[in-house]
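Protein chains: 2
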Amino acid sequence: MTAKNAFYAQSGGVTAVINASACGVIETARQHPDKIANVYAGRNGIIGALTEDLIDTSQESAEDIAALRYTPAGAFGSCRFKLKGLEQSKAEYERLIEVFKAHNIGYFFYNGGGDSQDTSHKVSQIGDKLGYHITCIGIPKTVDNDLPITDTCPGFGSVAKYVAVSIKEANFDVFSMAKTSTKVFVMEVMGRHAGWIAAAGGLARGSDSDGPHIILFPEVPLDEARFLARVDECVKKYGYCSIVVSEGVKNAAGQFLADAGTKDAFGHTQLGGVAPVVANLVKSNLGYKYHWAVADYLQRAARHIASKTDVEQAYAVGKAAVEFALAGKNAVMPTIVRTSSKPYTWEIGSANLADVANVEKKMPAEFITEDGFNITPACREYLQPLIAGEDYPPFVDGLPQYVVLKNVAVPKKLTTEFHVK
Amino acid sequence: MTAKNAFYAQSGGVTAVINASACGVIETARQHPDKIANVYAGRNGIIGALTEDLIDTSQESAEDIAALRYTPAGAFGSCRFKLKGLEQSKAEYERLIEVFKAHNIGYFFYNGGGDSQDTSHKVSQIGDKLGYHITCIGIPKTVDNDLPITDTCPGFGSVAKYVAVSIKEANFDVFSMAKTSTKVFVMEVMGRHAGWIAAAGGLARGSDSDGPHIILFPEVPLDEARFLARVDECVKKYGYCSIVVSEGVKNAAGQFLADAGTKDAFGHTQLGGVAPVVANLVKSNLGYKYHWAVADYLQRAARHIASKTDVEQAYAVGKAAVEFALAGKNAVMPTIVRTSSKPYTWEIGSANLADVANVEKKMPAEFITEDGFNITPACREYLQPLIAGEDYPPFVDGLPQYVVLKNVAVPKKLTTEFHVK
Numbered sequence: 000m001t002a003k004n005a006f007y008a009q010s011g012g013v014t015a016v017i018n019a020s021a022c023g024v025i026e027t028a029r030q031h032p033d034k035i036a037n038v039y040a041g042r043n044g045i046i047g048a049l050t051e052d053l054i055d056t057s058q059e060s061a062e063d064i065a066a067l068r069y070t071p072a073g074a075f076g077s078c079r080f081k082l083k084g085l086e087q088s089k090a091e092y093e094r095l096i097e098v099f100k101a102h103n104i105g106y107f108f109y110n111g112g113g114d115s116q117d118t119s120h121k122v123s124q125i126g127d128k129l130g131y132h133i134t135c136i137g138i139p140k141t142v143d144n145d146l147p148i149t150d151t152c153p154g155f156g157s158v159a160k161y162v163a164v165s166i167k168e169a170n171f172d173v174f175s176m177a178k179t180s181t182k183v184f185v186m187e188v189m190g191r192h193a194g195w196i197a198a199a200g201g202l203a204r205g206s207d208s209d210g211p212h213i214i215l216f217p218e219v220p221l222d223e224a225r226f227l228a229r230v231d232e233c234v235k236k237y238g239y240c241s242i243v244v245s246e247g248v249k250n251a252a253g254q255f256l257a258d259a260g261t262k263d264a265f266g267h268t269q270l271g272g273v274a275p276v277v278a279n280l281v282k283s284n285l286g287y288k289y290h291w292a293v294a295d296y297l298q299r300a301a302r303h304i305a306s307k308t309d310v311e312q313a314y315a316v317g318k319a320a321v322e323f324a325l326a327g328k329n330a331v332m333p334t335i336v337r338t339s340s341k342p343y344t345w346e347i348g349s350a351n352l353a354d355v356a357n358v359e360k361k362m363p364a365e366f367i368t369e370d371g372f373n374i375t376p377a378c379r380e381y382l383q384p385l386i387a388g389e390d391y392p393p394f395v396d397g398l399p400q401y402v403v404l405k406n407v408a409v410p411k412k413l414t415t416e417f418h419v420k
Numbered sequence: 000m001t002a003k004n005a006f007y008a009q010s011g012g013v014t015a016v017i018n019a020s021a022c023g024v025i026e027t028a029r030q031h032p033d034k035i036a037n038v039y040a041g042r043n044g045i046i047g048a049l050t051e052d053l054i055d056t057s058q059e060s061a062e063d064i065a066a067l068r069y070t071p072a073g074a075f076g077s078c079r080f081k082l083k084g085l086e087q088s089k090a091e092y093e094r095l096i097e098v099f100k101a102h103n104i105g106y107f108f109y110n111g112g113g114d115s116q117d118t119s120h121k122v123s124q125i126g127d128k129l130g131y132h133i134t135c136i137g138i139p140k141t142v143d144n145d146l147p148i149t150d151t152c153p154g155f156g157s158v159a160k161y162v163a164v165s166i167k168e169a170n171f172d173v174f175s176m177a178k179t180s181t182k183v184f185v186m187e188v189m190g191r192h193a194g195w196i197a198a199a200g201g202l203a204r205g206s207d208s209d210g211p212h213i214i215l216f217p218e219v220p221l222d223e224a225r226f227l228a229r230v231d232e233c234v235k236k237y238g239y240c241s242i243v244v245s246e247g248v249k250n251a252a253g254q255f256l257a258d259a260g261t262k263d264a265f266g267h268t269q270l271g272g273v274a275p276v277v278a279n280l281v282k283s284n285l286g287y288k289y290h291w292a293v294a295d296y297l298q299r300a301a302r303h304i305a306s307k308t309d310v311e312q313a314y315a316v317g318k319a320a321v322e323f324a325l326a327g328k329n330a331v332m333p334t335i336v337r338t339s340s341k342p343y344t345w346e347i348g349s350a351n352l353a354d355v356a357n358v359e360k361k362m363p364a365e366f367i368t369e370d371g372f373n374i375t376p377a378c379r380e381y382l383q384p385l386i387a388g389e390d391y392p393p394f395v396d397g398l399p400q401y402v403v404l405k406n407v408a409v410p411k412k413l414t415t416e417f418h419v420k
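Same order as they appear, the protein sequences are chains H and F. Just so we're aligned: the first sequence equals residues 0 to 420 in numbering that gives the first Met the number 0. Just so we're aligned: the second sequence equals residues 0 to 420 in numbering that gives the first Met the number 0.
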């Protein structure tokens, strides 16, 4: 087998640890120069492949590639761009083949969430359907934790840790001032359809009196009367009420409480600002002084408080992706397999992309308490190991030292241009 | 001199390090049992003194007191309650004396910001004016960094570090996805009248292309046309535009851009939500996809990313307050004196409360660039040492282990009750 080049791309919303997966891919590939000549990264994800804008990762030093392990966001650029089926997006797939051929690319590593694994799956079919054989491995990544089969998704553990740490700290703040100041605090977190991230806030709760006293999940339509009664009860009983609200919470009619009115490239409604809606609901009905926070990108970029477990798993799936490819596997995605919760142990498994594509993992009903406002012990047992351990980046002059790669372009070989719609 | 008891209270908005000052006070007082018999903390600040609700800190173990050094917020409770002048609030001052007498309190340590130092100053006058001698020492604390004389205020360095780290991380996120997703990111930070906290965001800026590209200060009325032109320029030049906005930003007419319409006990307007206002301004005029975050309490509670410099200074002012009292000083506040910026060195100084009370330190004009949108090298030189160093709390099971004190009440000695208005 002569060495071929590999294509690696980051896709969809970035995380605190997606670069750790990139690090795992590149470091592992570098150990096998006989099989993988070079790793070309797509500049801005798959768009880089379509426009023949490839990054030559061999120009990066070993030190800089190692630094990806502690650098948040997408070092090569990511994108929100969904390839449709082989028939509808035939021009795109043919262009991919044109670029892959021109650059002797025999491996396709695609690092993303559900939509991206669907794309990986389609690319894996171009061998049979369009005659260009390429080894195609998906690499899981999503803060939403909604990929099936894998026990968890790299990226989730760190946002979960950020949310649990942040609400714990805010609880201390609000509790200490509740006598004369803010009595209700609302923290909005990500999670469009699944309440995994909001659920992580529940880890901060040691006893009944500890916040968050209420978690509002996308899975549970908001019952305003019951919610307000619970807020009032908490303020009277504990002195304050701490609330974690998922951006995807809906009212009884099934509408998002906050809807920014714009849609992203995948057709998802762009959300934001449910915290002020909930805070105003409390203020206008109960009159309590409130404060609210919207963590937004801070939560998924917060590499400074990443979960060590998450970093290790992100690296491991990147490494495993290359090992799978070299072992001749195709159309698969490395997964995290939990072998024990206490003590927490895990190993790498494998899922077929066909089984991953377009399947969304929901929170199990038994993870939410019967009143709909908090997490169960089973949920806690699942979540707790995922936030375990710290993995601080190096700091210089008070700030984390994240790497910015050179990102040198591979010289173009094609004379054709391709315009991404 | 027979030993007297000391009263310690936390006042106003809490910070990530105000408990480090409490730790400095209590640990130092415990070294001088011949002079300070016990430290009584006010439950919920000065309200605890007025209602004779004192906490017996001698019931706390040395370990728990030491843990205050890494525990955010106010361990004894804080309050927003302003004492007026000796004439207007005579009943309150007489009640304080009644409680101080009943509990043999000879030292008054008041840990707070500008309003609180004003209260400390007034309490220091009750010896001359109301005949009860008490040694009165103010301890500086405020995230707003607006106390005069002292080079900085404990609490500020940690919120500054949180803001600089957070916007740096968010910049990496937004930059990596700007090709197809969010192009403008707005992060709202605290700072009602002074732009110190917003300025700290500027520390994340290494070169012109790095965010934050725009900082909106309370000191600079928003010129919408110039602002929008600059946003557009950044998106076209750098691919994205990162903005830090102070909650206190005003329009040309002098009105707060966001006004929640409620006021706190000090009569300050309660702000919040300027980030969505700025984001919508961008969207409606330039059409760029945006995201926004409001850090709110997360920024001042974030002990996990506290500045080591700040923690050390917070402890040092608590320690110095007790040493000042034992040295016979009165009506003073320990200050931080910067002896050098490069390398950064500092020592403890002293300011008269009369000079501190009701004086608000503004950002010097030479700290803001001429275009009004960023910080100058002089500002950077001032700010940088304040965020230097990390001082991580201990973590167990993925979460910081903050202490919750027993907070046992001192038995009441008075039969009278006092109702706080």
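All C-beta atoms, glycine included, are put in the ideal place defined by N, C-alpha and C. These figures come from a predicted structure and were not determined experimentally.
Which residue's Cα is closest to the Cα of H:Ala21: H:Ser245, H:Val407, H:Arg68 and H:Gly113?
Within the first sequence, numbered from 1, the residue matching residue 21 of chain H stands at position 22. When each option's Cα is compared against that of H:Ala21, the closest is H:Arg68.
Does the beta-carbon distance from H:Asn18 to H:Ala101 come in below 8 Å?
In the first sequence, counting from the first residue as 1, residue 18 of chain H sits at position 19. In the first sequence, counting from the first residue as 1, residue 101 of chain H sits at position 102. The answer is no: Cβ separation not under 8 Å.
Kindly indicate if chain F contains any beta-carbon less than 8 Å away from that of H:Glu389.
If you number the first sequence from 1, residue 389 of chain H lands on position 390. For H:Glu389, the answer is yes, since a Cβ of chain F falls inside 8 Å of its Cβ.
Beta carbon of F:Cys240, beta carbon of F:Val248: below 8 Å?
Your numbering for residue 240 of chain F matches position 241 in the second sequence. Your numbering for residue 248 of chain F matches position 249 in the second sequence. No; because the gap between Cβ atoms is not below 8 Å, this pair is not in contact.
Residue-chain proximity (F:Ile304, chain H), Cβ-Cβ < 8 Å:
Locating residue 304 of chain F in the second sequence gives position 305, counting from the first residue. Cβ-Cβ to chain H under 8 Å: yes for F:Ile304.
At least one CB of chain F closer than 8 Å to the CB of H:Pro399: is that the case?
Translated into the one-based positions of the first sequence, residue 399 of chain H becomes position 400. Closer than 8 Å to some Cβ of chain F, the Cβ of H:Pro399 qualifies, so yes.
Please list, in chain order, all residues of the same chain as H:Thr141 whose beta carbon is under 6 Å from its beta carbon, the five residues on each side excluded.
Residue numbering aside, residue 141 of chain H sits at position 142 when the first sequence is read from its first letter. Excluding sequence neighbours, H:Thr141 sits near Gly112, Cys152 and Gly154.
Would you call the CB atoms of H:Met362 and H:Ile138 closer than 8 Å?
In the first sequence, counting from the first residue as 1, residue 362 of chain H sits at position 363. In the first sequence, counting from the first residue as 1, residue 138 of chain H sits at position 139. Not closer than 8 Å, so no.
The alpha helix (DSSP H) that contains F:Cys233, what's its start and end?
Position 234 of the second sequence, counted from the first residue, corresponds to residue 233 of chain F. Counting along the chain, the alpha helix (DSSP H) containing F:Cys233 begins and ends at Glu223 to Tyr237.
Within its chain, find whatever has a CB closer than 6 Å to the CB of F:Asn284; leave out the 5 residues flanking it on each side and keep chain order.
Taking the second sequence and counting its residues from 1, the one referred to as residue 284 of chain F is at position 285. Once the five neighbours on either side are set aside, the close Cβ partners of F:Asn284 are Leu227.
Best match in F:Glu246, F:Cys135, F:Lys83 and F:Asn37 for proximity to F:Asn351 [C-alpha to C-alpha]:
Here residue 351 of chain F is taken as the residue at index 352 of the second sequence, counted from 1. F:Asn351 has its Cα closest to that of F:Cys135, out of F:Glu246, F:Cys135, F:Lys83 and F:Asn37.
Alpha carbon to alpha carbon, how far is H:Lys411 from F:Val230?
Residue numbering aside, residue 411 of chain H sits at position 412 when the first sequence is read from its first letter. Residue numbering aside, residue 230 of chain F sits at position 231 when the second sequence is read from its first letter. The alpha-carbon atoms of H:Lys411 and F:Val230 are separated by roughly 33 Å.
Quick one: any contact between the segment 46–56 of chain H and the segment 333–343 of chain H, if contact means 3 or more CB pairs under 8 Å?
no
Against chain F, which members of the segment 66–93 of chain H pass a CB distance test of less than 9 Å?
Thr70, Pro71, Ala72, Gly73, Ala74, Phe75, Gly76, Ser77, Cys78, Arg79 and Phe80
Is the separation between the beta-carbon of H:Ala257 and that of H:Met186 shorter than 8 Å?
The residue given as residue 257 of chain H occupies position 258 in the first sequence. The residue given as residue 186 of chain H occupies position 187 in the first sequence. Not closer than 8 Å, so no.
Tell me the rounded alpha-carbon separation between F:Lys421 and F:Val281.
Given that chain F is displayed from residue 0 to residue 420, the structure contains no residue 421 of chain F and the question cannot be resolved.
With distance defined between alpha-carbon atoms, name the residue in H:Arg79, H:Pro220 and H:Thr14 nearest to H:Arg42.
Locating residue 42 of chain H in the first sequence gives position 43, where the first residue counts as 1. Cα-wise, what sits closest to H:Arg42 is H:Arg79.
Quick one: what's got a C-beta closer than 7 Å to F:Phe417's C-beta in the same chain, skipping five residues either side?
In the second sequence, counting from the first residue as 1, residue 417 of chain F sits at position 418. These residues qualify, in order along the chain: Leu49, Thr50 and Arg94.
Mind listing the chain F neighbours of H:Ile54? Cutoff is C-beta to C-beta under 8 Å, in chain order.
On the first sequence, residue 54 of chain H is found 55 positions in, with the first residue counted as 1. By Cβ distance, chain F contributes nothing, its closest Cβ being about 13 Å from H:Ile54, past 8 Å.
Beta strand (DSSP E) segment containing H:Val336, residue limits:
Counting from one through the first sequence, the residue named residue 336 of chain H turns up at place 337. Residues Val331 to Ser339.
So who's on the other strand from H:Ser306, going by DSSP bridges?
Numbered from its first residue, the first sequence carries residue 306 of chain H at position 307. H:Ser306 pairs with H:Glu389.
Would a check of beta-carbon distances place F:Gly210 closer than 8 Å to chain H?
Reading the second sequence from its first residue, position 211 is the one you call residue 210 of chain F. By this cut-off, F:Gly210 is not an interface position.
Does the segment 193–200 of chain F come close enough to the segment 208–221 of chain F to have 3 or more Cβ pairs within less than 8 Å?
yes
Would you mind working out which of H:Gly126, H:Asp222 and H:Gly12 sits nearest H:Gly371, comparing C-alpha positions?
Start at 1 with the first residue of the first sequence, and residue 371 of chain H comes out as number 372. Measuring from the Cα of H:Gly371, the nearest candidate turns out to be H:Asp222.
Answer yes or no: does any C-beta atom of chain F fall closer than 8 Å to that of H:Tyr296?
For the purposes of this step, residue 296 of chain H is taken as the residue at position 297 of the first sequence. Yes, its Cβ sits closer than 8 Å to a Cβ of chain F.
From the DSSP secondary-structure annotation, give me the bridge partner or partners of H:Met186.
The count along the first sequence starts at 1 and reaches residue 186 of chain H at position 187. For H:Met186, which the question treats as bridged, DSSP gives the partners H:Val243 and H:Ala292.
List the DSSP bridge partners of F:Trp345.
Reading the second sequence from its first residue, position 346 is the one you call residue 345 of chain F. According to DSSP, F:Trp345 bridges with F:Arg337.
Can you tell which of F:Lys167, F:Ile104 and F:Val13 has the C-alpha that lies nearest to the C-alpha of H:Asp172?
As a first step, residue 172 of chain H is located in the first sequence; it is residue number 173 there, counting from the start. The candidate whose alpha carbon is nearest that of H:Asp172 is F:Val13.
Counted within 10 angstroms of its Cβ, other Cβ atoms place H:Lys83 as buried (16 or more) or exposed
Here the question's residue 83 of chain H lines up with position 84 in the first sequence. Looking at its Cβ environment, which holds fewer than 16 other Cβ atoms inside 10 Å, H:Lys83 is exposed.
Closest to F:Arg203 by C-alpha separation, out of F:Gln400, F:Tyr391 and F:Ala387, would be which residue?
For the purposes of this step, residue 203 of chain F is identified with residue 204 of the second sequence, where counting begins at 1. Contrary to the premise, residue 203 of chain F reads as Ala rather than Arg in this sequence. Answer by Cα proximity: F:Ala387.
How would you label H:Asp396, buried or exposed, when you count the other beta carbons within 10 angstroms and need 16 or more for buried?
The residue labelled residue 396 of chain H in the question sits at position 397 within the first sequence. Flag for H:Asp396 reads exposed.
H:Lys167: first and last residue of the uninterrupted alpha helix (DSSP H) it sits in:
As a first step, residue 167 of chain H is located in the first sequence; it is residue number 168 there, counting from the start. H:Lys167 -> alpha helix (DSSP H) spans Phe155 to Met176.
Just the C-alpha distance for F:Tyr39 and F:Ala65, rounded to the nearest angstrom, thanks.
For this step, residue 39 of chain F is matched to residue 40 along the second sequence. For this step, residue 65 of chain F is matched to residue 66 along the second sequence. Cα to Cα, the separation comes out at about 17 Å.
For F:Val243 and F:Ile166, which I take to be in contact (beta-carbon distance under 8 Å), what is that distance rounded to the nearest angstrom?
For the purposes of this step, residue 243 of chain F is taken as residue 244 along the second sequence, with counting starting at 1. For the purposes of this step, residue 166 of chain F is taken as residue 167 along the second sequence, with counting starting at 1. Correct: roughly 6 Å between the Cβ atoms.
So that I know if they touch, is there some Cβ in chain F lying closer than 8 Å to that of H:Met176?
Here the question's residue 176 of chain H lines up with position 177 in the first sequence. Yes, H:Met176 counts as interfacial toward chain F.
Please compile the residues from chain H whose C-beta is within a distance smaller than 7 Å of the C-beta of F:Ser165.
Position 166 of the second sequence holds residue 165 of chain F. Ordered by position in chain H, the residues that pass the 7 Å Cβ test against F:Ser165 are Leu297.
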